[in-house]
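In this text, residue positions in the sequence shown follow the numbering used here: the first is 3, and each later residue adds one.
Below: the structure, in structure tokens.
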Amino acid sequence: MTSRAMMLLLPVVLLGCALIAPAPPPDPMRRITVLPPGNRTGDVLLVEGASLLEKYAFDTDRVTVGEVLAAELRARLTKRGFAVVPPDVVRKATEGRGVATPEAAIDLARNGHLTGPLLVVSIDRWEANGGTHADFVIVALEVWLVDPASGAVVWHANRRANPIATPGAVTLGSAYEMAAAKAAEELVGWLGAPGPR
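Now the structure itself:
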């Protein structure tokens with residue numbers, strides 16, 4: 003293939019790789035419960051508390067990507083004008099367990115007396131390109147907004163596996179934190195604006 007043909011083909015390939023944002027939920031809502039994301043990767047995905055020094059010398063608490071992603075989602079939803087159920091209420095209802103499916107979310111909400119739309123996030127892929135100095139993290143997420151009263155999925159989106167740049171990350175944990183912040187911003191952008199007060 004000639005270099006001219008390659009140059010003509012490059013924009014088509016890049017356009018095909020672009021993310022397509024799903025339509026926002028049909029009925030705007032004001033209050034959302036962000037459930038702890040479920041991790042389907044098979045890896046613990048530690049942001050802090052992974053090294054031997056952190057674990058034994060400094061007694062650092064273990065913090066996972068799911069916990070950071072949930073905190074970032076709550077912060078961004080609040081910034082956009084949504085009311086968010088406090089994390090301690092969610093933690094008590096879920097006993098800290100991650101939720102990866104709408105069905106599991108509905109069961110937890112009913113048993114934990116959570117009402118209003120539930121934001122359910124499944125981490126399907128979370129993979130850094132390098133050991134400690136990752137330039138990017140490949141992220142794939144599946145997201146649902148679920149009405150626990152009816153059991154209906156109000157909204158669904160898929161973030162296909164694509165890299166999220168993590169420039170300047172000096173540790174794997176900092177790369178994971180950057181990727182979580184950017185992924186949360188993307189997901190909240192897809193949700194749109196909250197409904198009227």
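We put the CB at the ideal spot given by N, CA and C, even for glycine.
Nearest by alpha-carbon distance to Ala142: which of Ala186, Ile108, His135, Pro150 is it? Nearest C-alpha to Ala142 among Ala186, Ile108, His135, Pro150: Ala186.
- request: Under the assumption that Thr117 contacts Pro150 (Cβ atoms under 8 Å), give the Cβ distance between them as a whole number of angstroms.
  value: Indeed they touch by this definition, with Cβ atoms about 7 Å apart.
So Ala130 is in the beta strand (DSSP E); what residue range does that whole segment cover?
Judged by DSSP secondary structure, Ala130 falls within the beta strand (DSSP E) whose first and last residues are 120–130.
Which residues does DSSP pair with Glu50 in a beta bridge?
-> Residue pairing from DSSP places Glu50 in a beta bridge opposite Val65.
Are the CB atoms of Thr43 and Leu121 within a distance shorter than 9 Å?
Result no, Cβ atoms of Leu121 and Thr43 do not sit closer than 9 Å.
Check your understanding: Among the residues of its own chain, which have a CB less than 7 Å from the CB of Arg112, if the five just before and after it don't count?
Key -> So the list reads Pro150, once near-sequence residues are dropped.
Residues in the same chain with beta-carbon distance under 8 Å from Ala59, minus the five sequence neighbours each way, listed in chain order, please. The pLDDT assigned to Ala59 is 45, lower than 50, so where the model puts this residue is not dependable; a value taken from the coordinates is nonetheless given after this. There are no such residues.
*asked:* Using a Cβ distance threshold of 8 Å, determine whether the segment 171–189 contacts the segment 124–139, with at least three qualifying pairs required.
replied: Using a C-beta cut-off of 8 Å, the segment 171–189 makes contact with the segment 124–139, since at least three inter-stretch Cβ pairs fall below that distance.
Query raised in the report: Does DSSP put Val87 in a helix, in a strand, or in coil?
Result: DSSP places Val87 in coil when its eight states are reduced to three.
Expected contact under 8 Å - CB spacing of Val92 and Leu147 to nearest Å: Rounded to whole angstroms, the Cβ separation of Val92 and Leu147 is 15 Å, and the two are not in contact under 8 Å.
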